Amino acid sequence: MRGDTIVAVATAAGRSAIAVVRVSGRDAIEISRRVAHPAGAWPPRARHAVRCGIHDVDDPATPIDDGLVTVFPAPHSYTGETVVEFSVHGGAYVPAAVMAALVRAGARPAEPGEFTERAVLAGKLDLIRAEAIGDLIDARTRAMHRTALRQLSGALSRRLDALRASVIEIEALLAYDVDFPGEDDGELPRRRVLDACDTTIASLDALLATAPAAELARDGVTVVLAGPPNAGKSSLLNALVGESRVIVSDSPGTTRDAVDVLLEHDPWPLRLVDTAGLREGADPVERLGIEVSARWLSRADVVVACAETPQSLADTVVAIARLSAAPIVRVLTKIDVAPDAGRSVKTTGALAVSAARGTGLSALLAEITTAALTVAAPPDAASPVITRARHREALERARGELIEFRAAWSAGALPAPVAGVHVRAAIAALDALIGTVDVDDVLARVFSTFCVGK
Numbered sequence: 249m250r251g252d253t254i255v256a257v258a259t260a261a262g263r264s265a266i267a268v269v270r271v272s273g274r275d276a277i278e279i280s281r282r283v284a285h286p287a288g289a290w291p292p293r294a295r296h297a298v299r300c301g302i303h304d305v306d307d308p309a310t311p312i313d314d315g316l317v318t319v320f321p322a323p324h325s326y327t328g329e330t331v332v333e334f335s336v337h338g339g340a341y342v343p344a345a346v347m348a349a350l351v352r353a354g355a356r357p358a359e360p361g362e363f364t365e366r367a368v369l370a371g372k373l374d375l376i377r378a379e380a381i382g383d384l385i386d387a388r389t390r391a392m393h394r395t396a397l398r399q400l401s402g403a404l405s406r407r408l409d410a411l412r413a414s415v416i417e418i419e420a421l422l423a424y425d426v427d428f429p430g431e432d433d434g435e436l437p438r439r440r441v442l443d444a445c446d447t448t449i450a451s452l453d454a455l456l457a458t459a460p461a462a463e464l465a466r467d468g469v470t471v472v473l474a475g476p477p478n479a480g481k482s483s484l485l486n487a488l489v490g491e492s493r494v495i496v497s498d499s500p501g502t503t504r505d506a507v508d509v510l511l512e513h514d515p516w517p518l519r520l521v522d523t524a525g526l527r528e529g530a531d532p533v534e535r536l537g538i539e540v541s542a543r544w545l546s547r548a549d550v551v552v553a554c555a556e557t558p559q560s561l562a563d564t565v566v567a568i569a570r571l572s573a574a575p576i577v578r579v580l581t582k583i584d585v586a587p588d589a590g591r592s593v594k595t596t597g598a599l600a601v602s603a604a605r606g607t608g609l610s611a612l613l614a615e616i617t618t619a620a621l622t623v624a625a626p627p628d629a630a631s632p633v634i635t636r637a638r639h640r641e642a643l644e645r646a647r648g649e650l651i652e653f654r655a656a657w658s659a660g661a662l663p664a665p666v667a668g669v670h671v672r673a674a675i676a677a678l679d680a681l682i683g684t685v686d687v688d689d690v691l692a693r694v695f696s697t698f699c700v701g702k
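So the number in our numbering is just where the residue sits in the sequence shown, counting from 1, plus 248.
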């Protein structure tokens with residue numbers, strides 16, 4: 249634990265009713281007393297807000313603000329240290345002035361995520377739950393919000409603890425074989441170790457398989473709207489999101505670049521992507537847009553093929569199939585100006601929609617959802633998922649070490665103490681993931697993405 253005292257504005261910048269300035273560290277009360285003068289005795293009772301005048305330590309006669317001060321004595325605080333929180337008026341100037349006064353009084357500006365880092369070092373949180381706080385702050389969708397709350401509850405931590413215990417069990421079996429050969433039930437059966445190893449590897453595989461679900465919760469299912477120019481793709485995207493996000497024009501080739509919008513939806517959010525029209529003979533600038541469309545189609549989860557006529561739709565589906573392996577939802581657009589589109593639905597298997605009238609949009613969303621579920625199953629609310637690249641890297645490293653151990657143990661190529669090095673390396677990988685060891689570079693990676701004041 250660092251011995252200095254840190255300070256930061258814990259609320260977002262901008263015009264607001266209140267802002268919170270947070271001080272944490274051994275000297276938090278002493279530093280705060282230099283700038284805050286409560287109406288009653290100092291310090292106020294623990295976790296009891298008291299009104300105070302706030303002044304600069306160098307100019308006590310000039311007030312900065314009139315606010316509230318609350319003390320959270322160690323160890324019963326978020327960081328495990330003594331914490332003082334100032335609730336002051338919001339805006340740009342007042343919170344910055346209060347923080348500057350506290351810095352002049354002896355505090356140091358906090359680094360990004362330093363409050364949560366101190367909570368981890370004090371044992372208030374494990375590293376996985378600390379990351380969940382960052383995910384909760386950054387959540388843009390309901391799915392990511394639900395995932396972050398599940399991580400914060402400790403679901404993933406408990407799963408990882410169980411995995412670590414199972415690897416330690418393998419190590420214990422090896423230790424018994426080394427230290428007590430031939431005792432009790434005789435020599436340790438190699439099959440018993442292999443079975444324990446296989447069970448643990450299967451559990452690692454199951455957890456690694458959840459990584460795509462976390463990506464979908466965060467970024468959404470990529471749904472690309474593709475078709476010829478002037479097929480109504482931009483109008484359709486605007487109608488689906490309920491606002492004008494893309495320029496719409498009767499002139500072909502208006503969309504020159506891809507525009508993506510994240511749409512809240514269940515069970516997964518939808519990342520709708522409007523692309524340049526697919527056609528031959530485009531001008532050089534439009535061809536660049538078509539190349540971007542092709543790249544989006546190559547990584548699409550679902551493609552919505554848009555066209556005005558059945559023949560154009562058939563040609564569009566053929567063109568899309570050359571560029572994408574994703575499921576295709578066929579849509580006949582502009583049925584408000586194409587009266588024969590409704591009769592064509594039965595023969596083409598397409599949906600008939602009108603962005604102008606809102607006709608068929610609910611059916612289209614339902615069809616997109618069905619197609620998306622062929623890509624990824626609905627999220628399991630009871631199961632934790634791995635949400636970060638760091639999680640995947642550590643689990644893959646642990647799995648690789650166990651695979652190496654299994655091969656050596658199965659072949660009898662190495663004595664138990666030597667083969668066990670792989671098991672110990674797998675435990676070390678899980679230790680770094682959970683945060684049971686003090687790894688400075690791991691902490692730096694985790695908290696560098698946090699906002700200041702958290």
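Where is the CB? At the ideal position from N, CA and C, for every residue including glycine.
Remember, predicted model here, so these are calculated numbers, not experimental data.
DSSP state of K583 mapped onto helix, strand, coil: One-based indexing of the sequence shown puts residue 583 at position 335. Correcting the residue identity first, residue 583 is Ile in this sequence and not Lys. Three-state result, I583: coil.
Go to P311, then tell me how far its beta strand (DSSP E) extends in each direction, as first and last residue. Numbered from its first residue, the sequence shown carries residue 311 at position 63. Run containing P311: D307 to F320, per the beta strand (DSSP E) assignment.
Measure the C-alpha to C-alpha separation of A340 and G402 and round it to an integer number of angstroms. Residue 340 sits at position 92 when you count from the first residue of the sequence shown. Residue 402 sits at position 154 when you count from the first residue of the sequence shown. The straight-line gap from Cα to Cα measures roughly 36 Å.
For V700, three-class secondary structure by DSSP: The residue given as residue 700 occupies position 452 in the sequence shown. The answer is coil: DSSP assigns V700 none of H, G, I, E or B.
Spatial distance of A680 from R377 (CA atoms): As a first step, residue 680 must be located in the sequence shown, where it is residue number 432. As a first step, residue 377 must be located in the sequence shown, where it is residue number 129. Each residue's Cα considered, the two are about 14 Å apart.
Going by DSSP, what residue range makes up the beta strand (DSSP E) through G668? To locate residue 668, count along the sequence shown from 1; it is residue 420. It is not in any beta strand (DSSP E) - G668 instead sits in the alpha helix (DSSP H) that spans A664 to I682.
Rounding to the nearest angstrom, what Cα-Cα distance links K594 and E644 in this structure? Here residue 594 corresponds to residue number 346 of the sequence shown, with the count starting at 1. Here residue 644 corresponds to residue number 396 of the sequence shown, with the count starting at 1. Residue confidence is low: K594 scores 48 on pLDDT, short of 50, so the model does not pin down where it sits. No coordinate-derived value is stated.
Proximity winner among L613, H639 and V283, relative to H513 (alpha-carbon distances): Within the sequence shown, residue 513 is the residue found at index 265, counting from 1. Across the set L613, H639 and V283, the C-alpha of L613 shows the shortest separation from the C-alpha of H513.
Assign L511 to one of three DSSP states: helix, strand, or coil. In the sequence shown, the residue the question calls residue 511 occupies position 263. Reduced to three states, the DSSP call for L511 is strand.
Is the Cβ-Cβ distance between V671 and E419 less than 7 Å? Residue mapping note: residue 671 aligns to position 423 of the sequence shown, counting from 1. Residue mapping note: residue 419 aligns to position 171 of the sequence shown, counting from 1. Result yes, Cβ atoms of V671 and E419 sit closer than 7 Å.
According to DSSP, what are the bridge partners of S335? Here residue 335 refers to the residue found at position 87 when the sequence shown is read from its first residue. Looking at the DSSP assignment, S335 forms a beta bridge with V268 and L316.
Consult DSSP for T458 and reduce its assignment to one of helix, strand or coil. For the purposes of this step, residue 458 is identified with residue 210 of the sequence shown, where counting begins at 1. Here T458 sits in coil by DSSP.
Output the distance between the C-alpha atoms of D563 and G468, rounded to the nearest integer angstrom. Within the sequence shown, residue 563 is the residue found at index 315, counting from 1. Within the sequence shown, residue 468 is the residue found at index 220, counting from 1. Roughly 28 Å between the two C-alpha positions.
Buried or exposed for S546, please, with buried defined as at least 16 other CB atoms from any protein chain shown within 10 angstroms of its CB. Residue mapping note: residue 546 aligns to position 298 of the sequence shown, counting from 1. So S546 counts as exposed.
For the beta strand (DSSP E) containing Q304, name the first residue and the last one. The residue you call residue 304 lines up with position 56 of the sequence shown. First, the amino acid is wrong: residue 304 is Asp here, not Gln. Counting along the chain, the unbroken beta strand (DSSP E) around D304 starts and ends at V298 to D304.
Minimum C-alpha distance to Y326 - residue among R295, A309 and T364: One-based indexing of the sequence shown puts residue 326 at position 78. Checked all of R295, A309 and T364; the closest Cα to Y326 is T364.
CA-to-CA distance, H337 to L518, given in whole angstroms: Position 270 of the sequence shown holds residue 518. Position 89 of the sequence shown holds residue 337. Going from the Cα of L518 to the Cα of H337 covers about 38 Å.
Let me know the secondary structure DSSP gives I418 once reduced to three states. Taking the sequence shown and counting its residues from 1, one reaches residue 418 at position 170. Residue state, collapsed to three classes: helix.
Pairwise C-alpha distance: E362 and A256: Here residue 256 refers to the residue found at position 8 when the sequence shown is read from its first residue. Here residue 362 refers to the residue found at position 114 when the sequence shown is read from its first residue. Cα-Cα distance, rounded: 10 Å.
What do you get for P323, buried or exposed, if any count of 16 or more other CB atoms within 10 angstroms of its CB means buried? Translated into positions along the sequence shown, residue 323 becomes position 75. Exposed, since its Cβ has fewer than 16 Cβ neighbours within 10 Å.
Can you tell me whether A577 is helix, strand or coil according to DSSP? One-based indexing of the sequence shown puts residue 577 at position 329. Reading the sequence as shown, one finds Val at residue 577 and not Ala. If DSSP states are grouped into helix, strand and coil, V577 belongs with the strands.
Quick test of your reading: P286 and R299, contact by CB under 8 Å. State the CB separation rounded to the nearest angstrom. The residue you call residue 286 lines up with position 38 of the sequence shown. The residue you call residue 299 lines up with position 51 of the sequence shown. Sure, about 7 Å apart at Cβ, within 8 Å.
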